[in-house]
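With the UniProt record's numbering applied, the sequence shown corresponds to residues 1 to 203, in that order. C-beta atoms are modelled at their ideal positions from N, C-alpha and C, and glycine is treated no differently. A short write-up of the structure that comes next.
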Amino acid sequence: MRSLERAAIASGRISGLDLMERAGTGVVEAIGEAWPDFRTPADVPRHAVVLCGPGNNGGDGFVVARLLRRRGWKVTLYLYGDPERLPPDARTNHDRWRRIGTLSALPAAPDFSTADLVVDALFGLGLTRPLTGFGPIFSALATAGRPVLAIDLPSGRDADALPDSVGWPSAPCSLAVTFHREKPLHARLRAEGIGVIVKPIGL
Ligand SMILES: NC(=O)C1=CN([C@@H]2O[C@H](COP(=O)(O)OP(=O)(O)OC[C@H]3O[C@@H](n4cnc5c(N)ncnc54)[C@H](O)[C@@H]3O)[C@@H](O)[C@H]2O)[C@H](O)CC1
Ligand SMILES: [K+]
């Protein structure tokens, strides 16, 4: 994916920011596909809790937050990481979000009880080692029993995980929305009964 992305950007055909916007747009489309009743406006605004991480997976989350807000959702956004250290495209989308919404630092155990949907944009392809310290958040997420949409893949999972590899601690997930094509992990997610939707982003 990285080499495809780099080549597409190097060719000048598309920018990283375009890719991120298309990724976020694809995620919002997938929400309507997976949960059709979310497509129709409700009498009370639906509430999305978006968890953004320190990289471009978090950047996708900022795009999703902005697009859901534009569709009338109430959005609560938590950021794990320092905005000053976000990569450029994620920082741009952080700034775009901050023009229309607020954010809080990710607490040890966020309150998911009023969420109609939780968007997991903490970590994606850039995870290089098992997560530590996210156990309380992942168990709060599991206990809340709310629908969880993972951007690209559930945070904590190893994208290249082979079917027999030991699992890394990861977030619960109802649906994973990935981009361009599935990664090895997605076959395993399907086998676990987790929905997987692949969205093109013009690569
Ligand atoms: N072409 C595409 O596939 C596109 C992908 N997009 C999204 O970008 C992410 C990948 O972004 P990247 O910045 O490379 O990585 P992450 O956001 O997943 O995380 C990196 C971030 O996390 C830190 N980190 C890594 N391991 C750990 C750990 N064990 N504990 C704590 N922190 C960790 C690392 O230092 C980085 O800061 C991809 O998944 C897509 O969602 C584009 O947006 C669109 C095109
Ligand atoms: K994720």
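The C-beta of Glu21 has 16 or more other C-beta atoms within 10 Å across all chains shown, which makes the residue buried.
The three-state reading of DSSP puts Phe62 in helix, counting H, G and I together. For His186, the three-state secondary structure derived from DSSP is helix. The beta carbon of Asp120 sits closer than 7 Å to at least one heavy atom of ligand 2. Secondary-structure assignment with DSSP links Gly195 through a beta bridge to Leu175.
At a cut-off of 7 Å, the beta-carbon of Glu5 counts as near ligand 1: some heavy atom of the ligand is closer than that.
Between the C-alpha atoms of Arg2 and Thr114 there is a straight-line separation of about 36 Å. In the DSSP annotation of this structure, the continuous segment of the alpha helix (DSSP H) that includes Val28 starts and ends at Gly16 to Ala34. The C-alpha of Asp43 lies about 19 Å from the C-alpha of Thr76. When the beta-carbon positions are compared, Ile151 and Ala121 come within less than 8 Å of each other. Per DSSP, the unbroken beta strand (DSSP E) holding Leu51 starts and ends at His47 to Cys52. The stretch 6 to 17 makes no contact with the stretch 31 to 41: fewer than 3 CB pairs, one atom from each, lie closer than 8 Å.
Under the three-state reduction of DSSP, Ser139 is assigned to helix. For the pair Arg70 and Arg99, the Cα-to-Cα distance works out to about 12 Å. In terms of Cα proximity to Val148, the closest of Val118, Ala171, Ala159 and Glu33 is Val118.
Going by beta carbons, Leu203 and Val196 fall outside the 8 Å limit.
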